[in-house]
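Undergrad:
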Amino acid sequence: SRQPVRLAHRPQDFRSASANRFLTDASIILPMTAASPFLEYINNVALRTLRESTDAEVLVLGNNTPDLQRVKALRQLCGMLGFRFEHVEGPFSQSRFWNYGIDRTTGSHIVFANADCIFYPCWLDHILELWREEPEYYALWPWSFNVHDMGLAYRTCRVPERRIIHTHHPAVALVMRRLSGYRWDEQFPLWEMDADFMYFCQVKGHKLGLCLWSRVDHLQNTISSSIDLDTHLGVRDHCSLSVNRLRAKWGLK
24 SRQPVRLAHR
34 PQDFRSASAN
44 RFLTDASIIL
54 PMTAASPFLE
64 YINNVALRTL
74 RESTDAEVLV
84 LGNNTPDLQR
94 VKALRQLCGM
104 LGFRFEHVEG
114 PFSQSRFWNY
124 GIDRTTGSHI
134 VFANADCIFY
144 PCWLDHILEL
154 WREEPEYYAL
164 WPWSFNVHDM
174 GLAYRTCRVP
184 ERRIIHTHHP
194 AVALVMRRLS
204 GYRWDEQFPL
214 WEMDADFMYF
224 CQVKGHKLGL
234 CLWSRVDHLQ
244 NTISSSIDLD
254 THLGVRDHCS
264 LSVNRLRAKW
274 GLK
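Its first residue numbered 24, the sequence shown is counted upward by one per residue in the numbering used here.
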């Protein structure tokens, strides 16, 4: 008779004897908002697939959720999954929240994650394994199925390749070593922070890579298209402000 298939990861496997110790020496920082029922659903997908795919420490930072029942539900879900949860008041800023998480986690590796994602089995384990083989990389991130790059998608989605591609474009679930000491520039609350990181790495000569053996699908623009950015960020015309700041910082024309 056909034997049942046992999943590689179960919630009860994630904690060691001590509730404060984790099997994978990494900390995942995950900001999120449950400003609507749709975004609450998106959060659920991210949190549940994250728990089933890694045993690392996870710090969830809630924000901009006026419905206290949704905050309570998010807190309860995180508790059930073994995640730490904090609700942080004030305007949203990805850079501020990620720096906040750096100061409140302990893993030797830090993952800067997004809420509009689907996390696939062993995505973090595979990154860390390849990193031990090629330690010259400053930061790594997983491959994500992207409709704007179908060539890469079709080549790797069914048969993942056990290798790293040298690239300079940071993406979702960026993994860095805590010892790097990197902190995000908080004058860039959203997209320009990626470009700022890229310019920083170019100036410093840091090597960056995309891991084709690791998959985290980013559901692009899911959150930004479902909220009022001016309200959440607390400032109007945030894109123009950030672009001007980026140009001034790096001497761009």
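Beta carbons are placed, not taken as given, at the ideal position from N, Cα and C, and that holds for glycine. Just so you know, these numbers come straight off a predicted model, no measurement behind them.
Which one or two residues does DSSP pair with Met1 in a beta bridge?
TA: The chain is shown only over 24 to 276; residue 1 falls outside these bounds and no answer can be derived.
Undergrad: May I ask which residues mark the beginning and end of the beta strand (DSSP E) holding Gly113?
TA: Looking at the DSSP string, Gly113 is not in any beta strand (DSSP E), and its letter there is neither H nor E.
Undergrad: State the start and end residues of the unbroken beta strand (DSSP E) segment that holds Lys230.
TA: Segment 230-241, the beta strand (DSSP E) holding Lys230.
Undergrad: What residue range is occupied by the uninterrupted beta strand (DSSP E) comprising Gly85?
TA: Where Gly85 is concerned, the enclosing beta strand (DSSP E) stretches over 80-85.
Undergrad: In terms of DSSP beta bridges, what is Arg107 paired with?
TA: DSSP, once it has assigned bridges, lists Leu82 as partnering Arg107.
Undergrad: Quick one, which of Lys230, Asp78, Arg270, Cys101 has its alpha-carbon nearest Tyr143's?
TA: Of Lys230, Asp78, Arg270, Cys101, the residue nearest in Cα terms is Asp78.
Undergrad: Would you mind sorting Tyr64 into buried or exposed? The rule is 16 or more other CB atoms within 10 Å of its CB.
TA: Counting Cβ neighbours within 10 Å, Tyr64 comes out exposed, since fewer than 16 surround it.
Undergrad: Using a 10 Å radius around the Cβ and a threshold of 16 neighbouring Cβ atoms, would you call Ile52 buried or exposed?
TA: It is buried - the Cβ of Ile52 has at least 16 other Cβ atoms within 10 Å.
Undergrad: If I follow the unbroken beta strand (DSSP E) through Pro54, where does it start and stop?
TA: Taken as a continuous stretch (DSSP letters only), the beta strand (DSSP E) holding Pro54 covers 49-55.
Undergrad: Looking at the secondary structure, which residues open and close the alpha helix (DSSP H) in which Phe220 lies?
TA: 215-227 is the extent of the alpha helix (DSSP H) around Phe220.
Undergrad: Taking the alpha carbon of His110 as the point to measure from, which residue in Phe120, Arg71, Glu80 has its own alpha carbon closest?
TA: The candidate whose alpha carbon is nearest that of His110 is Phe120.
Undergrad: Judging by CA-CA distance, which residue of Met103, Ser76, Ala58 is the nearest neighbour of Gly85?
TA: If we check each option's Cα against that of Gly85, Ala58 comes out closest.
Undergrad: Give every residue of the same chain whose Cβ lies closer than 6 Å to the Cβ of Asn267, excluding the five residues on either side of it in the sequence, and list them in chain order.
TA: For Asn267, where only same-chain residues beyond five positions count, there are no Cβ hits under 6 Å.
Undergrad: Given this structure, state the Cα-to-Cα distance separating Gly124 from Pro89, to the nearest angstrom.
TA: Roughly 22 Å separates the two Cα atoms.
Undergrad: Please name the residue, chosen from Ala138, Leu163, Ser76, Ser237, that lies closest to Cys224 on a Cα-to-Cα basis.
TA: Nearest of Ala138, Leu163, Ser76, Ser237 to Cys224, Cα basis: Leu163.
Undergrad: State yes or no: is the C-beta of Ser213 within less than 9 Å of the C-beta of Ser76?
TA: Reading off the sequence, residue 213 comes out as Leu, not Ser. No, these two residues do not count as a Cβ contact at 9 Å.
Undergrad: Check for me: the alpha helix (DSSP H) holding His149 runs from which residue to which?
TA: Its alpha helix (DSSP H) spans residues 146-156.
Undergrad: Between the C-alpha atoms of Glu159 and Ser203, what's the straight-line distance to the nearest angstrom?
TA: Using only the alpha carbons, I get a separation of about 12 Å.
Undergrad: What distance in whole Å lies between the Cβ atoms of Ser237 and Pro165, which are believed to be in contact at a cut-off of 8 Å?
TA: With 8 Å as the limit, Pro165 and Ser237 qualify as a contact, their Cβ atoms being about 4 Å apart.
Undergrad: On the three-state DSSP scale, how would you describe Phe61?
TA: Of the three classes helix, strand and coil, the one that applies to Phe61 here is helix, per DSSP.
Undergrad: Skipping 5 residues on each side, what residues in its chain have a beta carbon closer than 6 Å to that of Thr72?
TA: Cβ neighbours of Thr72 beyond the five flanking positions: Ile141, Phe142.
Undergrad: Return the Cβ separation of Pro193 and Asp208 in integer angstroms, given the expectation that the two are a contact with Cβ distance under 8 Å.
TA: With 8 Å as the limit, Pro193 and Asp208 do not qualify as a contact, their Cβ atoms being about 13 Å apart.
Undergrad: In the DSSP assignment, find the unbroken beta strand (DSSP E) run with Phe168 in it and report its ends.
TA: No beta strand (DSSP E) contains Phe168, which DSSP labels as neither H nor E.
Undergrad: Could you tell me whether the Cβ atoms of Gln210 and Ser263 are closer together than 9 Å?
TA: Not in contact: Gln210 and Ser263 (Cβ atoms no closer than 9 Å).
Undergrad: Can you check which of these residues, Pro183, Ala96, Thr56, is closest to Gly113 by C-alpha distance?
TA: Here the closest residue by C-alpha is Thr56.
Undergrad: Please report the straight-line C-alpha distance between Phe168 and Asp240, rounded to a whole angstrom.
TA: Going by the C-alpha atoms only, they are around 6 Å apart.
Undergrad: If you run the structure through DSSP and keep just helix, strand and coil, what is Phe211?
TA: Of the three classes helix, strand and coil, the one that applies to Phe211 here is coil, per DSSP.
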